[in-house]
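Chains Z and P are the protein sequences, given in the same order. The first sequence stops at residue 444 when you use our numbering, and every number in between is there. The second sequence stops at residue 1444 when you use our numbering, and every number in between is there.
Protein chains: 2
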Amino acid sequence: MTFATKILQNTTRKVIDKYPLYVPKSGTFPKGFQVGSIASGVKKNNALDLGIIINTNKSRPSSAAAVFTTNKFKAAPVLTSKNVLDSTNGVAINAIVVNSGCANSVTGELGMQDAKEMIDIVNEQLGDKTSPSTLVMSTGVIGQRLQMNKISEGIKKIFQENKFGSDFTSWLNISKSICTTDTFPKLVTSKFKLLNGKEYTLTGLAKGAGMICPNMATLLGFIVTDLPIESKTLQKMLRHSTSRSFNCISVDGDMSTNDTICMIANGAVDTPEINENSQEFKQVQDQVTEFAQRLAQLVVRDGEGSTKFVTVNVKNSYSFEDAKIIAESISNSMLVKTALYGQDANWGRILCAIGYAKLNDLKSLNVDKINVSFIATDNSEPRELKLIVNGVPQLNIDEERASEILALNDLEVLVNLGTGKEEAQFWTCDLSHEYVTINGDYRS
Amino acid sequence: MTFATKILQNTTRKVIDKYPLYVPKSGTFPKGFQVGSIASGVKKNNALDLGIIINTNKSRPSSAAAVFTTNKFKAAPVLTSKNVLDSTNGVAINAIVVNSGCANSVTGELGMQDAKEMIDIVNEQLGDKTSPSTLVMSTGVIGQRLQMNKISEGIKKIFQENKFGSDFTSWLNISKSICTTDTFPKLVTSKFKLLNGKEYTLTGLAKGAGMICPNMATLLGFIVTDLPIESKTLQKMLRHSTSRSFNCISVDGDMSTNDTICMIANGAVDTPEINENSQEFKQVQDQVTEFAQRLAQLVVRDGEGSTKFVTVNVKNSYSFEDAKIIAESISNSMLVKTALYGQDANWGRILCAIGYAKLNDLKSLNVDKINVSFIATDNSEPRELKLIVNGVPQLNIDEERASEILALNDLEVLVNLGTGKEEAQFWTCDLSHEYVTINGDYRS
Chain Z
1 MTFATKILQN
11 TTRKVIDKYP
21 LYVPKSGTFP
31 KGFQVGSIAS
41 GVKKNNALDL
51 GIIINTNKSR
61 PSSAAAVFTT
71 NKFKAAPVLT
81 SKNVLDSTNG
91 VAINAIVVNS
101 GCANSVTGEL
111 GMQDAKEMID
121 IVNEQLGDKT
131 SPSTLVMSTG
141 VIGQRLQMNK
151 ISEGIKKIFQ
161 ENKFGSDFTS
171 WLNISKSICT
181 TDTFPKLVTS
191 KFKLLNGKEY
201 TLTGLAKGAG
211 MICPNMATLL
221 GFIVTDLPIE
231 SKTLQKMLRH
241 STSRSFNCIS
251 VDGDMSTNDT
261 ICMIANGAVD
271 TPEINENSQE
281 FKQVQDQVTE
291 FAQRLAQLVV
301 RDGEGSTKFV
311 TVNVKNSYSF
321 EDAKIIAESI
331 SNSMLVKTAL
341 YGQDANWGRI
351 LCAIGYAKLN
361 DLKSLNVDKI
371 NVSFIATDNS
381 EPRELKLIVN
391 GVPQLNIDEE
401 RASEILALND
411 LEVLVNLGTG
421 KEEAQFWTCD
431 LSHEYVTING
441 DYRS
Chain P
1001 MTFATKILQN
1011 TTRKVIDKYP
1021 LYVPKSGTFP
1031 KGFQVGSIAS
1041 GVKKNNALDL
1051 GIIINTNKSR
1061 PSSAAAVFTT
1071 NKFKAAPVLT
1081 SKNVLDSTNG
1091 VAINAIVVNS
1101 GCANSVTGEL
1111 GMQDAKEMID
1121 IVNEQLGDKT
1131 SPSTLVMSTG
1141 VIGQRLQMNK
1151 ISEGIKKIFQ
1161 ENKFGSDFTS
1171 WLNISKSICT
1181 TDTFPKLVTS
1191 KFKLLNGKEY
1201 TLTGLAKGAG
1211 MICPNMATLL
1221 GFIVTDLPIE
1231 SKTLQKMLRH
1241 STSRSFNCIS
1251 VDGDMSTNDT
1261 ICMIANGAVD
1271 TPEINENSQE
1281 FKQVQDQVTE
1291 FAQRLAQLVV
1301 RDGEGSTKFV
1311 TVNVKNSYSF
1321 EDAKIIAESI
1331 SNSMLVKTAL
1341 YGQDANWGRI
1351 LCAIGYAKLN
1361 DLKSLNVDKI
1371 NVSFIATDNS
1381 EPRELKLIVN
1391 GVPQLNIDEE
1401 RASEILALND
1411 LEVLVNLGTG
1421 KEEAQFWTCD
1431 LSHEYVTING
1441 DYRS
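Here is the structure:
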């Protein structure tokens, strides 16, 4: 039995309960935002399925930005929210309304009317009847119309019974209200200081990696901050951050009709607005990117049936684009994903996925310069297990150490292309029996 | 429970024994070819692992052509055979030697020497020491060198003990000798007549859809015929046929370092050579394409752990390329494949895969013109089960009929784009628990 065929026989590969690991128990949240959620009745079992985020800061207009799915079939709320952002240039958006249980996708003109109606009801409740100041998102079953009577009543109840709050429970509840088959709600909050010494807060919620019958995974992400950011700058920054976070994750490589990441900056912390020329621009962009990565990684951690969280790190590439294409190719390979599930140090499958990646520039890949390693992400030594060195497979590898690293829930695949100085990361999970069960077996 | 959530609970989805279904029990073969195979000892259990096809027709020089993997990591036999074809222009190739058990891939300069040596030994045995008249292929474990002592001895034995034959058993044995984890050998033979009234024969062998640790699937295909075809015409014809057969199949979407389809036409049936200007050119090309499709489809039928054989038929497209890209996107989608395994008429996942296909031309897709159906491939009626009509999901579908069609081992997904007149087909299989077991579980 060679090294490469070695798989740990006696390790458990059970899907663990992720809720206690990844859901916070407290948090502080950005100034000037209130959130409310309710069980509208669209979802069964009286589960939370409708949420609203409102901006209460009136000292200056907020800025909003969004990145939408590139799927050619875009759901009604995607098209509707895009219209709102286009017509307002992302200025003075004061609410986001989101429902789960029904994606309002492939619903034609009536679906567009429903999405618009959700916005109108929120605007009416906000006393903001004239301006289109609300964004709308939906996730859940596709091809079915929204039960607008329940949605409408739910929205009104949130306002009329004042279910809004800014405490931890309110934020946790709204993060629950956007879940579909997620096994845990995804809520992240983080404080940061700029050079001016002032403290700001970023809070984000996400859902994803869950498919709800008869549907595909939908990825939704909402980020809010009390830092003032100019709206065009915010759009640019969110695009940059998304291309390095939510667009660098792979569960099954499928992209939905509803995928949306949106962000509101309300400037409730009263400091000068950040724009592209600000001294703090780069710091803020890095902060938002790192924050978006934390949120996106939670989606991978909740990958259906997954037992491993794997960082694919492609370094020293001739171009960033090709580093990302290679990282994506490895991350989406069914053979790599099953090998990871099997705890098999299968460098052949990794090399194969690198080799068929459709690169933009041949200079990015040189067969004789490539290095591939597994990296332990705990503190054990040696951290690096070299599989391929300068294009040559290493045949005498420490099998015991290989077994230890591959048994970890978190690990890293490091690819050093040796062709330049650019790098990209992707985050992926393994492909398990449980994935097939969730997506192929009987669902009612 | 809506239609779309309906899955048959009580149907078996066991992996069936495919050998008796797809392996012929007799056959007649092209004139002027002899084949021999042997257990060289590279594979354990005394299994056949080395085969040679020789052209014995001396009345005119043969023509050969090949289509190789586009993976950037090409195995030594791929590079070596490519050199042979380049230096001979595909003229007078008289043998193909192929081994299984070791892919001679990622083996560097020494691997190149080994591949060359395999050719040299065959040429020597053929008494053909000067010309590089032999092609070489390998499949199996990567990153390991060939055991050249066993290979060398095996090749000599095939010649010295005259293990060549042109009967059914000889052809069946060589098709067995190229298998790795295939569950059945893939051998197809077919006669056809041209306008001249003469009869010709096509015979093909293939292996694929099996991964051997620590490896990826390798696809090998060999086609021989006694029709005379000019070598440049043969190369063009094989490329055309491969792009409509072996390049239109999906098991897991991964492409190996060794994938090769090659063809030899020896002209043992003494009629004028076919070239691009021949009256019969189109007929021959269609014949070869259809034949290559039959062979390629066997690879999908042997898809690891698969329980279903699914034809994805994209019709009425603005362009052939985009029809193929859409067919491929559907065929590779893990969500579509698990839904097929689950016998779930999940039009949402199909639509999703169409929507994220990276098309060349926006004219190919019009959201309001798309039709998606399942088609029964047995003779039961009604054959067509409409899921989406002109972009509108059909919510009142005959559930009983849906269950019947989805329970079939063979079925068709029909996508009518309604944007043009081009069409493309892909053949795919489902993604099962068994696939994860084969590729993720313990292997020794």
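Where a beta carbon is used, it is the ideal one built from N, C-alpha and C, also for glycine.
Segment limits, beta strand (DSSP E) that includes residue i
{"i": "Gln283 (chain Z)", "result": "Here Gln283 (chain Z) belongs to no beta strand (DSSP E); instead the alpha helix (DSSP H) covers 281 to 301."}
{"i": "Ala66 (chain Z)", "result": "63 to 68"}
{"i": "Val1372 (chain P)", "result": "1371 to 1376"}
{"i": "Pro1154 (chain P)", "result": "First, the residue type needs correcting, since residue 1154 (chain P) is Gly and not Pro in the sequence shown. Counting along the chain, Gly1154 (chain P) falls outside any beta strand (DSSP E), though it belongs to the alpha helix (DSSP H) covering 1148 to 1160."}
{"i": "Thr225 (chain Z)", "result": "220 to 225"}
Where residue i meets chain P, residues with beta-carbon distance less than 9 Å
{"i": "Phe68 (chain Z)", "result": "None at all; the shortest Cβ gap to chain P is about 13 Å."}
{"i": "Gly51 (chain Z)", "result": "Result: empty, since nearest Cβ-Cβ is about 23 Å, beyond 9 Å."}
Under 7 Å by beta carbon: chain P residues contacting residue i
{"i": "Ala115 (chain Z)", "result": "In chain order: nothing, as chain P lies at least about 16 Å away."}
{"i": "Ile445 (chain Z)", "result": "A question about residue 445 (chain Z) goes unanswered here, because the residues of chain Z that appear run from 1 up to 444."}
For residue i, the residue or residues it bridges with in DSSP
{"i": "Asn1313 (chain P)", "result": "P:Leu1414, P:Gln1425"}
{"i": "Glu199 (chain Z)", "result": "Z:Lys193"}
{"i": "Asn1055 (chain P)", "result": "P:Phe1033"}
{"i": "Met334 (chain Z)", "result": "Answer by DSSP bridge pairing: none, since Met334 (chain Z) is not bridged."}
{"i": "Ser138 (chain Z)", "result": "Z:Asn99"}
{"i": "Val392 (chain Z)", "result": "Z:Val389"}
{"i": "Gly204 (chain Z)", "result": "Z:Val188, Z:Ile223"}
{"i": "Ile1274 (chain P)", "result": "P:Ile1229"}
{"i": "Gly1165 (chain P)", "result": "P:Val1035"}
Alpha helix (DSSP H) segment containing residue i, residue limits
{"i": "Phe1033 (chain P)", "result": "Taken as a continuous stretch (DSSP letters only), Phe1033 (chain P) belongs to no alpha helix (DSSP H), being part of the beta strand (DSSP E) at 1033 to 1038."}
{"i": "Glu434 (chain Z)", "result": "433 to 440"}
{"i": "Lys1386 (chain P)", "result": "Counting along the chain, Lys1386 (chain P) falls outside any alpha helix (DSSP H), though it belongs to the beta strand (DSSP E) covering 1384 to 1389."}
{"i": "Phe504 (chain Z)", "result": "Outside the displayed range of chain Z (1 to 444) lies residue 504 (chain Z), so it cannot be described from this structure."}
{"i": "Tyr356 (chain Z)", "result": "First-last for Tyr356 (chain Z): undefined, no H or E at that position."}
{"i": "Arg1401 (chain P)", "result": "1399 to 1406"}
{"i": "Leu48 (chain Z)", "result": "Segment: none, Leu48 (chain Z) is in no alpha helix (DSSP H) and carries neither H nor E."}
{"i": "Leu21 (chain Z)", "result": "19 to 22"}
Chain Z contact residues for residue i, given Cβ-Cβ distances below 8 Å
{"i": "Leu1146 (chain P)", "result": "The premise fails here: Leu1146 (chain P) is roughly 15 Å from chain Z at the closest Cβ pair, so nothing lies under 8 Å."}
{"i": "Val1367 (chain P)", "result": "Lys72, Phe73"}
{"i": "Ser1432 (chain P)", "result": "Val436, Gly440"}
{"i": "Gly1108 (chain P)", "result": "Gly391, Val392"}
{"i": "Gly1036 (chain P)", "result": "What Gly1036 (chain P) touches in chain Z: nothing, since even the nearest Cβ is about 30 Å away."}
{"i": "Gly1041 (chain P)", "result": "Within 8 Å Cβ-Cβ: nothing; Gly1041 (chain P) doesn't reach chain Z, min ~17 Å."}
Amino acids of chain P, ordered along the chain, whose beta-carbon sits closer than 8 Å to that of residue i
{"i": "Gly111 (chain Z)", "result": "Under the 8 Å cutoff, chain P gives no residues; its nearest Cβ is about 11 Å from Gly111 (chain Z)."}
{"i": "Gly208 (chain Z)", "result": "The contacting residues do not exist; Gly208 (chain Z) stays about 14 Å from chain P at best."}
Chain-ordered neighbours of residue i on chain Z, where CB pairs are closer than 7 Å
{"i": "Gly1355 (chain P)", "result": "Asn71, Lys72, Phe73, Thr257"}
Residue i: CB within 7 Å of a non-hydrogen atom of the ligand COA
{"i": "Ile354 (chain Z)", "result": "As for the ligand COA, it is missing from this structure, which has no ligand bound."}
Would you list, in chain order, the members of the region 320 to 334 of chain Z that have their beta-carbon closer than 7 Å to a beta-carbon of chain P?
Ser333, Met334
Against chain P: residues of the region 418 to 429 of chain Z by CB proximity under 7 Å:
none
Ordered list of beta strand (DSSP E) runs contained in the region 232 to 271 of chain Z, each at least 3 residues
260 to 265
Compile a chain-ordered list of the residues in the region 392 to 406 of chain Z whose CB is closer than 8 Å to at least one CB of chain P.
Val392, Pro393, Leu395
Short of 9 Å Cβ to Cβ, which residues in the region 279 to 301 of chain Z face chain P?
Hits within the stretch: zero.
Tell me which residues of the region 302 to 319 of chain Z have at least one Cβ-Cβ distance to chain P shorter than 7 Å, keeping chain order.
none
By the 7 Å beta-carbon criterion, what residues does the region 73 to 106 of chain Z contribute toward chain P?
Phe73, Val106
Write down every uninterrupted run of the beta strand (DSSP E) in the region 1086 to 1135 of chain P whose length is 3 residues or greater and which is fully enclosed by it, in chain order.
Fully enclosed beta strand (DSSP E) runs of no fewer than 3 residues occupy 1095 to 1102 of the region 1086 to 1135 of chain P, in order along the chain.
Taking any Cβ of chain Z, which residues in the region 1192 to 1206 of chain P have a Cβ under 9 Å from it, in chain order?
none
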